[in-house]
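Engineer: In the numbering used here, the protein residues as written are 51 to 409. Positions of the beta carbon are idealized from the N, C-alpha and C atoms, including for glycine. Owing to the predicted nature of the structure, the values given are computational and were not obtained by experimental measurement.
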């Protein structure tokens with residue numbers, strides 16, 4: 051089995067920090083809400099998808115997993131469990147908080163702070179609504195779409211991997227499928243709210259992640275990747291600094307399948323030259339990134355507005371507010387990760403003992 055490229059966890063650790071910067075309500079004129087956002091911060095989710103494609107390909111290559119096996123319950127079950135169970139416990143906490151804050155009027159107080167992401171929390175709590183919001187990743191914003199997207203990715207990845215593995219040009223087949231779905235989304239009446247929950251917008255970047263592992267010894271001439279970088283950079287400039295009228299990529303254009311050309315060569319260089327990078331703190335944050343995201347959702351939707359709108363004599367500027375974000379979300383998310391892993395290992399040990407006793 052190929053040794054795990056340490057850059058993967060490092061990249062995920064950096065990406066989850068980008069997520070915290072991305073979802074912060076920056077003061078007007080902040081470079082973090084404009085220039086750095088366009089070029090760096092906004093690349094967080096594409097980086098996660100590149101990592102997902104790369105790690106999936108590495109795992110299946112090592113285990114020689116067939117397409118039939120990849121859809122078996124034996125293979126799918128642990129993957130789905132890794133995605134679903136952390137969200138389940140997060141969602142229970144979120145539901146309890148919503149109930150308490152609805153009853154106490156705290157959500158109305160947040161609305162008076164002119165904070166725009168509380169509509170899902172205001173809705174009357176029903177059983178069907180609670181079930182629906184679970185599969186939507188939660189009632190709020192700030193990354194809730196990631197859960198339904200990653201569930202879809204779990205079922206899409208075998209087909210994406212198969213196309214890239216079978217044909218080296220399969221990556222461009224994925225590009226064509228991704229582009230076709232982008233073109234059809236408006237004629238099909240797919241709204242922005244629905245689009246954010248759909249994983250098809252990441253087909254191409256997931257395929258690139260697979261490609262970077264499968265063909266890691268033969269990735270082609272360097273100038274090809276320079277051209278990709280320039281294409282992506284040019285598109286990012288076009289949609290963010292000019293009055294260009296977007297025709298195809300109406301939603302999430304800054305992270306569209308064209309924009310990601312910008313980050314791919316940088317990611318590839320990281321895989322090559324930083325594969326032995328040693329930064330334990332960032333790597334641990336990368337391993338805990340999913341749990342950090344969940345803590346971030348609760349904090350940014352319920353409590354961060356109090357920080358963002360605090361008097362200047364308490365929270366003087368964005369730097370202080372962002373420091374609080376980092377401490378709460380990274381610290382709380384990592385603690386949740388360690389607690390969850392400890393409980394999961396205990397559960398796995400009990401299951402193993404039961405199996406032994408049955409034999």
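#1: With C-beta atoms as the reference, is residue 332 less than 8 angstroms away from residue 58?
#2: Could you check whether residue 380 and residue 347 sit closer than 8 angstroms to each other, using their CB atoms as the reference points?
#3: Taking the Cβ atom as the reference point for each residue, do residue 136 and residue 344 lie within a distance shorter than 8 angstroms?
#4: Whole angstroms is fine: what's the gap from residue 163's alpha carbon to residue 246's?
#5: Anyone know if the C-beta pair for residue 260 and residue 359 falls short of 8 angstroms?
#6: Cβ atoms of residue 68 and residue 93: under 8 angstroms apart, would you say?
#7: Are there three or more Cβ pairs, one per stretch, closer than 8 angstroms when the stretch 77-93 is compared with the stretch 302-318?
#8: Beta carbon of residue 103, beta carbon of residue 249: below 8 angstroms?
#9: For residue 317, which option in 262, 239, 365, 340 has the closest C-alpha, if you only look at C-alpha atoms?
#10: Would you grab the beta carbon distance between residue 157 and residue 255 for me? Rounded to a whole angstrom, and I think it's under 8 angstroms.
#11: For residue 188, which residues in the same chain have their Cβ closer than 7 angstroms to its Cβ, ignoring the five residues on either side in sequence?
#12: Pull up the CB-CB distance for residue 236 and residue 300, whole angstroms please, since I reckon it's below 8 angstroms.
#13: Exposed or buried, what is residue 361 when buried is set at 16 or more other beta-carbons lying within 10 Å of its beta-carbon?
#14: Measuring alpha carbon to alpha carbon, tell me which of 356, 185, 213 ends up nearest residue 159.
#15: Are the CB atoms of residue 95 and residue 292 nearer to each other than 8 angstroms?
#16: Would you call the stretch 119-130 and the stretch 368-378 touching, i.e. three or more CB-CB distances under 8 angstroms?
#17: With a threshold of 8 angstroms on Cβ separation, who are the neighbours of residue 325 within its own chain once the five nearest residues in sequence on each side are excluded?
#18: Helix, strand or coil: which one does DSSP assign to residue 55?
Structural biologist: The relevant details are as follows:
#1: One-based indexing of the chain shown puts residue 332 at position 282. One-based indexing of the chain shown puts residue 58 at position 8. No, the Cβ-Cβ distance between residue 332 and residue 58 is not below 8 angstroms.
#2: Position 297 of the chain shown, counted from the start, is the residue given in the question as residue 347. Position 330 of the chain shown, counted from the start, is the residue given in the question as residue 380. No, they are not a contact pair.
#3: The residue you call residue 136 lines up with position 86 of the chain shown. The residue you call residue 344 lines up with position 294 of the chain shown. In this structure, residue 344 lies closer than 8 angstroms to residue 136 by Cβ.
#4: In the chain shown, counting from the first residue as 1, residue 163 sits at position 113. In the chain shown, counting from the first residue as 1, residue 246 sits at position 196. C-alpha separation (whole angstroms): 26 angstroms.
#5: In the chain shown, the residue the question calls residue 260 occupies position 210. In the chain shown, the residue the question calls residue 359 occupies position 309. In this structure, residue 359 does not lie closer than 8 angstroms to residue 260 by Cβ.
#6: Your numbering for residue 93 matches position 43 in the chain shown. Your numbering for residue 68 matches position 18 in the chain shown. Contact flag set, yes.
#7: yes
#8: As a position in the chain shown, residue 103 is number 53, starting the count at 1. As a position in the chain shown, residue 249 is number 199, starting the count at 1. Not closer than 8 angstroms, so no.
#9: Within the chain shown, the letter at position 267 stands for residue 317. The option with the nearest alpha carbon to residue 317 is 262.
#10: Taking the first residue of the chain shown as 1, we reach residue 157 at position 107. Taking the first residue of the chain shown as 1, we reach residue 255 at position 205. About 36 angstroms separates the two Cβ atoms, so there is no contact after all.
#11: Here residue 188 is taken as the residue at index 138 of the chain shown, counted from 1. Excluding positions up to five away in sequence, the list reads 141, 144, 194, 347.
#12: Residue numbering aside, residue 236 sits at position 186 when the chain shown is read from its first letter. Residue numbering aside, residue 300 sits at position 250 when the chain shown is read from its first letter. With 8 angstroms as the limit, residue 236 and residue 300 qualify as a contact, their Cβ atoms being about 7 angstroms apart.
#13: The residue given as residue 361 occupies position 311 in the chain shown. Its Cβ having fewer than 16 others within 10 Å, residue 361 is exposed.
#14: The sequence position of residue 159 within the chain shown is 109, counting from 1. When only C-alpha atoms are compared, the closest one is 356.
#15: Counting from one through the chain shown, the residue named residue 95 turns up at place 45. Counting from one through the chain shown, the residue named residue 292 turns up at place 242. Contact flag unset, no.
#16: no
#17: Counted from its first residue, the chain shown places residue 325 at position 275. 55, 56, 57, listed in sequence order.
#18: Indexing the chain shown from 1 puts residue 55 at position 5. The answer is coil: DSSP assigns residue 55 none of H, G, I, E or B.
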